[in-house]
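Per UniProt numbering, residue 1 is the first one in the sequence shown, and the count goes up by one each step.
We put the CB at the ideal spot given by N, CA and C, even for glycine.
The structure under discussion appears below in the form of structure tokens.
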Amino acid sequence: MSARAVRGGPHGRDDQARARREQREGRDEQQQTQVGSARVDDHPGDAERDRGGEQHGADRGGHATADGGAALVRIHALRVPRPDRDGKARVRGADDEEDDRASGSGGARGGRTRVGDDGPMTPDRPAGRRRRTVDEHRAAVSALLAPLAGLPAEELPVAADAVSADPHRYADRVLARDVTSPLDLPPFRNSQMDGYAVRAADLAGASDAVPAVLRIAARIPAGVAPVPLQPGTAAPCMTGAPVPPGADAIVPIEAAIPDGFVDEDATDATVSFAAPVDPGAFVRAQGSDLAAGAVLVAAGTRLLPAHWGVLASAGVATVAVRRRLVVLLLSTGLELRGPGEELAPGQIHDANSVALAAALSAAGAEVRPLRVASDDAGRVRDAIRDAAAGIDLLLTTGGVSAGAYEVVRDVLEGGVEFVSVAVQPGGPQGLGTAEAGGARIPVVAFPGNPVSALVSFELFLRPVLRALAGHPRPDRPSREAPLAAPLDSPAAKHQVRRGRLDEDGRVVAVGGPGSHLLHAYATATHLVHIPAGLDRLEAGDPVTVWSIDD
1 MSARAVRGGP HGRDDQARAR REQREGRDEQ QQTQVGSARV DDHPGDAERD
51 RGGEQHGADR GGHATADGGA ALVRIHALRV PRPDRDGKAR VRGADDEEDD
101 RASGSGGARG GRTRVGDDGP MTPDRPAGRR RRTVDEHRAA VSALLAPLAG
151 LPAEELPVAA DAVSADPHRY ADRVLARDVT SPLDLPPFRN SQMDGYAVRA
201 ADLAGASDAV PAVLRIAARI PAGVAPVPLQ PGTAAPCMTG APVPPGADAI
251 VPIEAAIPDG FVDEDATDAT VSFAAPVDPG AFVRAQGSDL AAGAVLVAAG
301 TRLLPAHWGV LASAGVATVA VRRRLVVLLL STGLELRGPG EELAPGQIHD
351 ANSVALAAAL SAAGAEVRPL RVASDDAGRV RDAIRDAAAG IDLLLTTGGV
401 SAGAYEVVRD VLEGGVEFVS VAVQPGGPQG LGTAEAGGAR IPVVAFPGNP
451 VSALVSFELF LRPVLRALAG HPRPDRPSRE APLAAPLDSP AAKHQVRRGR
501 LDEDGRVVAV GGPGSHLLHA YATATHLVHI PAGLDRLEAG DPVTVWSIDD
């Protein structure tokens with residue numbers, strides 16, 4: 001199957017909005033915001049890709065340099081196959097972009113007009129003003145936030161009451177520095193099970209016919225330092241209790257005669273054994289789990305319950321973890337009301353701030369929501385200033401397009417570059433810095449339609465946030481799967497559809513491409529990637545899907 005050439009044409013827009021947009025574009029060219037150096041890595045080679053199945057990005061975490069400076073946050077370029085002319089899937093590359101420019105079937109010149117993505121699609125941009133590619137914008141976001149990789153670590157107490165008091169604070173944390181064990185684990189020889197501590201030599205030659213009979217010594221419960229074991233005696237020893245000096249084996253209670261603990265206070269109490277025992281039997285050796293001085297948990301480890309447990313077992317009181325980024329999440333608009341508030345005509349509930357707050361939190365960020373029910377630039381600017389203390393990133397949603405009431409754009413213009421990315425949904429994007437609290441903070445601006453905002457988060461911000469948090473696999477698990485039915489797509493854009501996998505592993509689209517279809521998004525388990533350069537995929541064609549149902 002080959003990509004069909006798509007004919008674009010002008011479509012009507014409000015003259016005032018067009019003039020305003022063109023004026024801004026002229027200023028954009030003069031005010032290219034410097035966001036630092038970026039790197040977008042190609043995916044591993046074909047051999048790795050051909051292994052198939054769930055693929056995770058590896059070794060991509062942003063990290064601090066030895067002197068505490070910022071290290072580069074690396075993310076992989078999207079690797080999205082498209083059906084070739086012979087029907088086989090291949091990965092779109094530079095040659096394809098040249099083909100598109102020559103044929104007019106994609107890239108900066110192909111385009112069509114369609115309603116449903118953040119408002120009507122604009123026709124092709126003027127010469128010299130091509131849309132930014134998805135990979136280019138991913139790289140720009142990565143470069144903007146790269147300095148945050150040098151943020152200092154945060155100390156967390158290793159204590160159950162601290163975890164229970166603030167469980168979110170402990171969820172999905174990444175260790176900032178190696179922790180070495182201050183003691184052997186276990187710290188002393190202890191019993192693997194309830195039984196008798198004995199000298200193996202005292203049971204040599206024991207049999208049913210001639211059992212070994214030993215006198216009962218004092219019991220040894222867990223938490224008590226035992227006295228040395230005398231020859232010819234057996235000490236009842238509980239699970240986890242120290243094995244007494246002089247003893248070198250534990251005989252399980254079931255192998256004793258009688259098969260229960262004898263009253264140690266009984267006069268001349270004895271216990272019999274009808275079989276010999278090997279030295280070391282059922283004894284946990286000191287340091288058999290880990291020796292003192294060895295690395296207990298390595299830096300970069302995502303701390304799971306077992307890690308917290310082993311830290312506690314070694315007596316570690318506090319650990320240094322990668323600090324969560326503090327994100328000020330701004331939503332604006334006269335029409336917005338919070339959940340549970342009564343709606344007047346023309347008003348809507350604010351879905352974006354709730355959805356993005358949940359997404360940010362799951363990605364390891366600390367969220368400070370800020371909703372300003374106003375389209376007045378002064379009020380929005382004041383609200384940002386008042387809430388900006390201690391934040392690392394300002395994330396906005398809405399007000400970034402070319403309409404008459406784009407308050408976010410009005411407030412941030414000058415330090416933030418507003419661009420068009422060749423993606424559907426999520427084309428209008430903003431990136432740069434803003435003055436807040438006496439310092440300049442990075443700003444990421446998403447479009448206002450809810451699906452556009454969530455897709456933008458998945459494409460551009462989530463992988464960088466997870467890399468900054470120290471996660472070695474910041475990207476979503478991805479795989480290739482065949483389409484269950486044909487799908488149309490705007491050839492000039494990378495389209496991200498929502499879908500599920502059927503019982504045969506085929507991709508079934510959920511809902512249409514519209515950026516307002518939030519309920520359909522909520523029922524999806526995968527994001528479906530259709531590369532730029534195609535306007536139609538047939539049933540059976542392979543597509544890249546990201547799993548989002550974790």
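Nearest neighbour of M193, chosen from G240, D502 and V455 [CA to CA]: Nearest of G240, D502 and V455 to M193, Cα basis: G240.
DSSP three-state assignment for T301, whether helix, strand or coil: DSSP places T301 outside both helix and strand once states are collapsed to three, so it counts as coil.
DSSP state of P236 mapped onto helix, strand, coil: strand
Minimum C-alpha distance to V508 - residue among T396, L487, G346 and L412: Closest option to V508, Cα to Cα, is L487.
Three-state class that DSSP yields for G432 in the structure shown: Shown here, G432 sits in a strand according to DSSP, grouped into three states.
Which listed residue (T396, H137 and V262) has its alpha carbon closest to that of A355: T396
Inter-stretch contact at 8 Å, needing at least 3 Cβ pairs: the region 421 to 429 / the region 491 to 501: In this structure the region 421 to 429 touches the region 491 to 501; the number of beta carbon pairs closer than 8 Å is three or more.
Limits of the unbroken beta strand (DSSP E) element including L328: V326 to T332
Limits of the beta strand (DSSP E) - the one that L370 falls within: E366 to V372
Opening and closing residue of the beta strand (DSSP E) in which R440 lies: A439 to F446
Proximity of P428 and V400 at Cβ, strictly below 7 Å: A contact, by the Cβ cut-off of 7 Å.
Segment contact, 8 Å Cβ cut-off, at least three pairs: the region 172 to 183 with the region 226 to 234: no
Beta-ladder partner(s) of W308, from DSSP: According to DSSP, W308 bridges with nothing at all.
Environment of V134 [buried if 16+ CB atoms lie within 10 Å]: buried
Proximity below 7 Å, CB of D350 to CB of R371: yes
Residue of A225, D382, P182 and V141 minimising C-alpha distance to A294: P182
Cβ-based burial, A469 [other Cβ within 10 Å; buried from 16]: buried
Nearest candidate by alpha-carbon position, reference G437, set L296, R479, A225 and A388: A388
N-terminal and C-terminal residue of the alpha helix (DSSP H) that V182 is part of: Correcting the residue type first, residue 182 is Pro in the shown sequence and not Val. Where P182 is concerned, there is no enclosing alpha helix (DSSP H), given that its DSSP letter is neither H nor E.
A377 vs L412 beta-carbon contact at 7 Å: The answer is no: Cβ separation not under 7 Å.
In DSSP terms, what G514 is bridged to: Bridge partners of G514: none, in fact.
Cβ pair A363, R466 closer than 7 Å: yes
For N352 and R131, the rounded distance between their alpha carbons: Linking R131 to N352 through their CA atoms gives a straight-line distance of about 25 Å.
Which listed residue (L459, L144, V326 and V510) has its alpha carbon closest to that of A484: Comparing C-alpha distances from A484 to each of L459, L144, V326 and V510 shows the shortest one belongs to V510.
Start-end ranges of the alpha helix (DSSP H) lying completely within the region 137 to 210, minimum 4 residues: List check, alpha helix (DSSP H) in window: 160 to 165 and 167 to 170.
Beta-bridge partners of F261, as assigned by DSSP: Note: F261 sits in no beta bridge, so no partner.
Pair within 7 Å by beta-carbon distance, G367 and R173: As written in the sequence, residue 367 is Val, which differs from the Gly given in the question. Against a cut-off of 7 Å, the Cβ pair of R173 and V367 comes out as no contact.
Pairwise C-alpha distance: A373 and R379: 9 Å
Residue environment, R215, which counts as buried when at least 16 other CB atoms sit within 10 Å: exposed
Neighbourhood of L360 by C-beta, 6 Å cutoff - its chain only, sequence neighbours within 5 removed: V327 and V367
Beta carbon of D392 nearer than 7 Å to that of L325: In this structure, L325 lies closer than 7 Å to D392 by Cβ.
Start and end residues, beta strand (DSSP E) containing A212: A212 to I216
Straight-line gap, R479 to I548 (C-alpha atoms, nearest Å): 12 Å
Reduced DSSP secondary structure (H/G/I, E/B, other) of L296: In the displayed model, L296 falls within a strand according to three-state DSSP.
Extent of the continuous alpha helix (DSSP H) run through G381: In the sequence as displayed, the identity of residue 381 is Arg instead of Gly. Looking at the DSSP string, the run of the alpha helix (DSSP H) that includes R381 is A377 to A387.
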